[in-house]
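Each remark here refers to the structure printed beneath this line.
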């Protein structure tokens with residue numbers, strides 16, 4: 003999604019996603035030692051950024067349907083949030099939607115997907131790949147031509163929809179671009195979209211991207227270490243929304259660029275990020291999102307960046323959202339990981355994934371901040 007497509011989509015009233023606020027957090031800024039901004043994807047119709055990518059993808063698929071198909075049916079396999087986004091998008095588009103999730107997904111998410119208006123919610127297999135295979139091979143053939151497959155992250159149209167986050171940030175932060183963007187990495191759809199938009203906005207040289215994973219779901223970190231895509235034998239992290247055993251090729255390519263930093267934190271750190279965000283900002287997020295917030299505390303951000311931060315530095319955390327959280331879950335995490343209430347920074351708490359020794363040279367244009375300001379002003383004028 004380039005600037006022109008972003009401008010066009012921003013005028014559409016029936017799109018399945020909304021523009022979200024970018025808010026500076028005083029509490030997190032104090033903790034991190036720099037200016038922290040929160041991109042509130044928690045306010046999307048589905049409660050997560052997935053509304054952007056899945057919504058954009060499904061709008062295109064419905065538009066492309068042959069005229070003789072009058073009863074299309076969306077099928078989405080998911081760890082939870084993509085399925086919820088697909089259901090919300092299907093309601094906007096007036097199309098039925100069936101969601102298949104693995105058996106590891108909690109009943110809380112299954113109930114939320116049903117309540118959102120899903121035609122049917124089924125559970126199958128121990129991992130997303132099992133649920134996806136069952137859906138494509140057993141369920142979709144029954145719908146014939148009417149079936150619309152909605153992948154949770156691995157499609158250019160999904161990445162394009164996710165890229166709209168960065169175009170919004172550009173209009174919301176017009177004076178100068180962010181020094182860094184922090185986002186979670188599961189299959190890589192969000193990271194891919196952010197990287198695509200940074201390239202389009204000519205900010206890849208000046209804005210660092212920090213991709214955060216949880217231990218036990220670190221498929222990107224494993225791929226970076228191996229220098230090629232790898233498949234994790236199983237997912238052991240409690241952050242099930244990040245439970246993708248294999249990232250996309252574009253995600254690995256992005257992680258091998260010089261403006262990328264990769265971080266892997268344990269579930270305990272992710273849980274700490276969740277309850278501290280609830281304390282400091284009164285915002286509830288699940289583990290897959292809380293892991294980003296954890297970087298703000300106890301020097302983890304400087305470890306991730308590999309340098310000291312400046313007080314005037316602007317860093318955006320994409321609060322990707324997610325619905326797999328309740329007040330009781332926050333309370334249980336706080337009890338289980340009480341030792342992090344007064345954390346001691348340990349070397350193993352945050353592991354910055356080093357890039358391979360030889361990184362492919364990627365041609366880039368030098369950032370021109372004056373041109374950036376002019377382009378953003380033109381973008382704002384058109385909105």
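Numbering (this note's numbering), first residue to last: 3 to 385. Virtual Cβ for every residue (Gly too), placed ideally from N, Cα, C.
For the options 286, 179, 85, 139, the alpha carbon positioned closest to that of residue 116 is the one of 85. Rounded to whole angstroms, the gap between the alpha carbons of residue 112 and residue 123 is 7 Å. Per DSSP, the continuous alpha helix (DSSP H) segment holding residue 172 begins and ends at 158-174. When Cβ pairs closer than 8 Å are counted between the two stretches, the stretch 313-323 is seen to touch the stretch 172-181, the count reaching three or more. Within the stretch 21-62, the runs of beta strand (DSSP E) that reach at least 3 residues and sit entirely inside it are, in chain order, 24-27, 37-42. With contacts defined by Cβ atoms closer than 8 Å, residue 152 and residue 59 form a contacting pair. Sequence-distant Cβ neighbours of residue 299 in its own chain, meaning closer than 6 Å and more than five residues away, are 33. Membership of residue 271 in the alpha helix (DSSP H) is indicated by the continuous run 269-283.
In the same chain as residue 136, and ignoring 5 residues on each side of it, the C-beta atoms closer than 7 Å to its own belong to 102, 126, 127, in chain order. A contact is defined here as three or more CB-CB pairs under 8 Å, and the stretch 39-47 fails this definition with respect to the stretch 149-164. Nearest in C-alpha terms to residue 109, of all of 325, 336, 342, 338, is 325. In the DSSP assignment, residue 321 is bridged to 42. Pairwise C-beta distances place the stretch 210-227 out of contact with the stretch 277-284, as fewer than three of them are shorter than 8 Å. Membership of residue 213 in the beta strand (DSSP E) is indicated by the continuous run 210-216. About 16 Å separates the CB atoms of residue 89 and residue 17; that is not less than 8 Å, and the two are not in contact.
Apart from sequence neighbours up to five positions away, the residues of its chain that approach residue 238 with a beta-carbon distance below 7 Å are 218, ordered along the chain. Between residue 263 and residue 295, the gap from beta carbon to beta carbon reaches 8 Å or more. Within the DSSP bridge table, the entry for residue 77 names 100, 151 as partners. In this structure, 36 is the residue among 27, 20, 30, 36 with its C-alpha nearest to the C-alpha of residue 312. Shown here, residue 230 sits in coil according to DSSP, grouped into three states, outside any helix or strand. Going by DSSP, residue 186 is part of the beta strand (DSSP E) stretching over 182-186.
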